[in-house]
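What follows is one structure encoded as structure tokens, with my remarks underneath.
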Amino acid sequence: MGLFSSDYTNHELVEVVRVVTLHVNPRQPKNVSLRKFDGARAAAGHPRAPRASRICERFDMRWPALKDLAHDPGRSVEQTLGIRLRVRANPEMTLDQALDYVRAISSRLGGAPLDPAIYVRERDVILTEVRRRWRHGQEIVIPTANQIATLAGTFRNACLLAGVPVAAQTRAKPSRWAWTDKEIIEALICLMDENPGVAITQRSYRTLRAGRPEFPPVSVLNTVTNDGRRPGLVFYRAEAERRRRERERRIAP
């Protein structure tokens, strides 16, 4: 997605994040949600500021990371955004480059077979290692499983083209209630990691999981099971966000 037009400079947008989140929660501004930020823009003096999700898209940053940047006086906003925007200005990744990443991640795992979930987990490990080592803006770009699938047609086809073994496909779930709550939450976490700044709704979930049988169909989120009715997308999404926040706190230096 290209960069959107805005009356604000990049540095000013980060300042807007700082001002609005402080307005909403002066004591714990980093706890302000995307929705509360959007609703408080006018009251905080920035009615024309973009929505939080659009700012995240512009900088290719997750909302927690953007709030961390806005409230960390020791970090250089210019340096951090400069690195990210140089990356965004580069030509789009080619299929050959994407295949190199598939080979590299398989090699890191000892030549292990890959599927999207395995690739995403190892990608997260690499990015976490880089963030621990470089706290002030150093960044690397690793394509998501979705990006690779788009370039190669499917993730499986990317593995075949890269000469990497493909993990055996998980057998289809025999029924809607065969999916556990844990599996549903882990699927949402995976999609959130792959698509930073994208709100997971019924509609967006259908789009993000299209053609990916490793994710449960949207009907599973609200279906009636043998044990009763599932709590629904709102519950699963909140639980996935909570677990992602816990993970980020654990890996923070």
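Position 245 of the sequence shown, counted from 1, bears residue number 244 in the numbering used here, the numbering being contiguous throughout.
Ideal Cβ placement from N, Cα and C applies to all residues, glycine included.
Please read all numbers here as calculations on a predicted model, not as lab measurements.
Neighbourhood of residue 186 by C-beta, 7 Å cutoff - its chain only, sequence neighbours within 5 removed | By the criterion of a C-beta distance shorter than 7 Å, residue 186 is surrounded in its chain by 214 and 215, once the five residues flanking it on both sides are discounted.
Own chain partners of residue 18 with C-beta closer than 6 Å, once the 5 adjacent residues on each side are dropped | 43, listed in sequence order.
Among 203, 67 and 104, nearest to residue 117 - alpha-carbon criterion = The alpha carbon of residue 117 has as its nearest neighbour, out of 203, 67 and 104, the alpha carbon of 104.
Would the beta-carbon of residue 65 fall within 7 Å of that of residue 74?
-> The answer is no: Cβ separation not under 7 Å.
Taking the CB atoms as reference points, tell me whether residue 20 and residue 31 lie closer together than 7 Å.
-> Yes, these two residues count as a Cβ contact at 7 Å.
What separation, rounded to the nearest whole angstrom, lies between the Cα atoms of residue 167 and residue 97?
-> Those two C-alpha atoms are separated by around 21 Å.
Going by DSSP, name the residue or residues bridged to residue 113.
-> Residue pairing by DSSP places residue 113 opposite 165 in a beta bridge.
Where does residue 140 sit, in a helix, a strand or coil, going by DSSP?
-> Secondary structure at residue 140: coil, using DSSP grouped into helix, strand and coil.
Reduced DSSP category for residue 178 - H, G, I as helix; E, B as strand; rest coil = Look at residue 178 here: in three-state DSSP terms it is coil, with no helix or strand label.
Thinking just about the alpha-carbon of each residue, which of 149, 122, 154 and 195 is nearest to the one in residue 141?
-> For the residues 149, 122, 154 and 195, the minimum Cα distance to residue 141 belongs to 122.
With DSSP as the reference, label residue 24 as helix, strand or coil.
-> Three-state DSSP puts residue 24 in coil, outside helix and strand.
So, helix, strand or coil for residue 107, using DSSP?
-> In the three-state reduction of the DSSP assignment, residue 107 falls in the helix class.
List the endpoints of the continuous alpha helix (DSSP H) containing residue 69.
-> Going by DSSP, residue 69 is part of the alpha helix (DSSP H) stretching over 62 to 69.
How many angstroms separate the CA atom of residue 26 from the CA atom of residue 145?
-> Rounded to whole angstroms, the separation of the alpha carbons of residue 145 and residue 26 is 38 Å.
With a cut-off of 8 Å on the beta carbons, I'd call residue 184 and residue 238 a contact; round off their distance for me.
-> Sure, about 5 Å apart at Cβ, within 8 Å.
Residue 204 to residue 217, Cα distance in whole Å?
-> Residue 204 and residue 217 have their C-alpha atoms some 7 Å from each other.
Assign residue 246 to one of three DSSP states: helix, strand, or coil.
-> Helix.
Please determine, among 40, 155 and 195, the residue with the shortest C-alpha to C-alpha distance to residue 59.
-> Ranking the options by Cα distance to residue 59, first place goes to 195.
Under a three-way DSSP split, which group does residue 97 fall into?
-> Of the three classes helix, strand and coil, the one that applies to residue 97 here is helix, per DSSP.
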